[in-house]
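In the numbering used here, the protein residues as written are -17 to 396.
From the three backbone atoms N, C-alpha and C, an ideal C-beta is built for every residue, glycine too.
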Amino acid sequence: MIDTNLIKLDPKQVFESLKSKKYELNLEAFDAFELDRKNFQTQTEDLQAQRNTLSKEYGLLRKEGKEDKTLNDQIESIKIELDACSQKLTDTQGSFRDFLLDIPNLPSDSTPKGGGESENVKMRDFGKPLISGGKDHLDITSLINTEAANILAGSRFAVLVGKIAKLQRALIAFMLDKAEEHGYQEHYLPLIANAESLTATGQLPKFADDLFQLTDDYFLIPTAEVPLTNLYRDQIISADNFPLKLTAHTTCFRSEAGSYGKDTRGLIRQHQFEKVELVQICHPDHSDQTLESLTSHAESILQELNLPYQVVELCTGDLGFSAAKTYDLEVWVPSQETFREISSCSNCTDFQARRAKIRFKEDGVSRLAHTLNGSALAAGRTLIAVIENYFDQHSTIIIPEVLQDYTKFKSIEL
RNA sequence: GGAGAGUUGGCUGAGUGGUCGAAAGCGCCUCCCUGCUAAGGAGGUAUACGGGUAACUGUAUCGAGGGUUCGAAUCCCUCACUCUCCGCCA
């Protein structure tokens, strides 16, 4: 949720800022909601105050054994009025909240302006793509079986077999160990989250279609960002502990309703994939620099795997709902002769913290923390990158050196 | 899944219909006293939202939601969680 005070203070600026993120803020509706809310709230509280004093009076009279019919009637009529008024207040607050939950986070001042993907800004790169074209990962190895998965579940799933399955496991273990080296505390988490958690991090109510819903209040998580961030929902954190650095490997589930026809082949876009996630919760003054360090932690994994990648800063038009600033890490995928997103590192500023009520105390006042998250990395896509970039173009996938302690083998003969 | 007990402020813990946002103790903060890392004294010390330039002030919150009542931490219902016992299971 964005700070409503900002809208009150400088509506035009907020409007323009959101517009750069392709969101048309309805200022008239906002004003109307705010006015209604204020009226109904003051009125309700006023009536409650009246009821409280009159009830006290009534009680004192009662104690003396007296009755007062007028007083009784007065209380009765206040109650009727109060009921109506507080109902209106509840309704207004509900619709106002729905309205606010729909508004995306404001882009940071430093975020480049732009309409979409093509206007993202390349920041830096690492390594040189050595292989271009050639077989893709499905053609390289039969240890990725999409036909079998299709029988088991449907499209956009995969069965990994033998050394490829183990390679993915090695990648995950390696990533978690790197995260630990960087000071992140590992977590094992529920893969199911409730609506409240998903609302706090911004997936709900707006993006319900992207989620697999199990029952009324059970959803499969689309990312470990949800449970990790919600670990601190409704809490006041001691600022001494900042920054909180959390990590977890989880399976992620995405229904990706909007993406049919895109990346239909291979492991790029799946309903289910493995990911190691980094989350930091920090002081608002430090979140800019925290994003840089969190991104560098994700990058270090690609560097140690010696995979060519580039870092791209998303422009305002391509920014996610909860993010104020985002760096995408894009790894070289030889068969596609292009860089593909393998990690997305975002500063969500106080947007999630406001929804989740994640606060800390400073000089006796409680303030909202800033939350950041990033993949380090998406394991399925890293697996593709390793297979394709380490394929010798004949019959062997070489295992990157840093993974060999984990796999216990040095190559996969095909 | 069955039976029972419980859930109060940072912590311990009192409170079974009104004067209770809540005793007392601990902790913490400020000040006083004290020539010394102690003891004593005074005051302060929840969260959220609203009104007000401010001093200040209103409302709500005693696990959550609903109900009874002029009035609910206190009575009733539903749910969640914790603990104990039984059953079942990885």
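Helix, strand or coil: which one does DSSP assign to residue i?
| i | result |
| --- | --- |
| S325 | strand |
| A351 | coil |
| Q(-5) | helix |
| Q386 | helix |
| V368 | helix |
| S269 | helix |
| V143 | coil |
| R363 | helix |
| L180 | helix |
| K227 | strand |
| F81 | helix |
| I(-16) | coil |
| Y189 | It is worth fixing the name first, because residue 189 is Phe in this sequence and not Tyr. It is coil, neither helix nor strand. |
| D107 | strand |
| Q217 | strand |
| R341 | strand |
For residue i, count neighbouring Cβ atoms within 10 angstroms of its own Cβ and tell me buried if that reaches 16, exposed if not.
| i | result |
| --- | --- |
| G165 | exposed |
| P172 | exposed |
| V103 | exposed |
| E6 | exposed |
| L296 | buried |
| S328 | buried |
| P204 | buried |
| V258 | buried |
| A338 | buried |
| P290 | buried |
| P209 | buried |
| E207 | buried |
| Y200 | exposed |
| Q252 | buried |
| N212 | buried |
| Y170 | exposed |
| G346 | exposed |
| D387 | exposed |
Based on DSSP bridge pairs, tell me the residues matched to residue i.
| i | result |
| --- | --- |
| Y200 | T197 |
| A175 | F201 |
| G356 | L260 and C327 |
| S393 | I380 |
| Q254 | F235 |
| E163 | The partner list for E163 (beta bridge, DSSP) is empty, contrary to what the question assumes. |
| E168 | T229 |
| F333 | In the DSSP output, where bridge partners are listed per residue, F333 has none listed. |
* To do: Just list the beta strand (DSSP E) runs in the region 279 to 325, keeping only unbroken ones of 3 residues or longer that don't cross its boundaries, in chain order.
  => 291 to 295 and 307 to 315
* With a floor of 4 residues, list each alpha helix (DSSP H) that falls wholly inside the region 2 to 68, ordered by position along the chain. => 9 to 45
* May I ask you to verify whether the region 307 to 323 touches the region 269 to 286, counting CB pairs closer than 8 Å and requiring at least 3? => yes
* Is there contact between the region 155 to 164 and the region 340 to 360, where contact requires at least three CB pairs shorter than 8 Å? -> yes
* Asked: Given 8 Å as the limit, is there contact between the region 220 to 228 and the region 242 to 249, that is, 3 or more CB pairs closer than that?
  -> no
* Give, in chain order, every unbroken run of the alpha helix (DSSP H) that is at least 4 residues long and sits entirely within the region 112 to 160. => 119 to 122 and 128 to 134
* To do: Spell out a yes or no on whether the region 336 to 347 and the region 124 to 135 are touching, meaning 3 or more CB-CB pairs, one atom from each, closer than 8 Å.
  => no
* Asked: Does the pairing of the region 297 to 309 with the region 369 to 378 give three or more beta-carbon distances under 8 Å?
  -> no
* For the 8 Å Cβ check, are there 3 or more pairs between the region 81 to 100 and the region 26 to 46? -> no
* **Inter-stretch contact (C-beta, 8 Å, three-pair minimum) for the region 77 to 93 and the region 185 to 196** => yes
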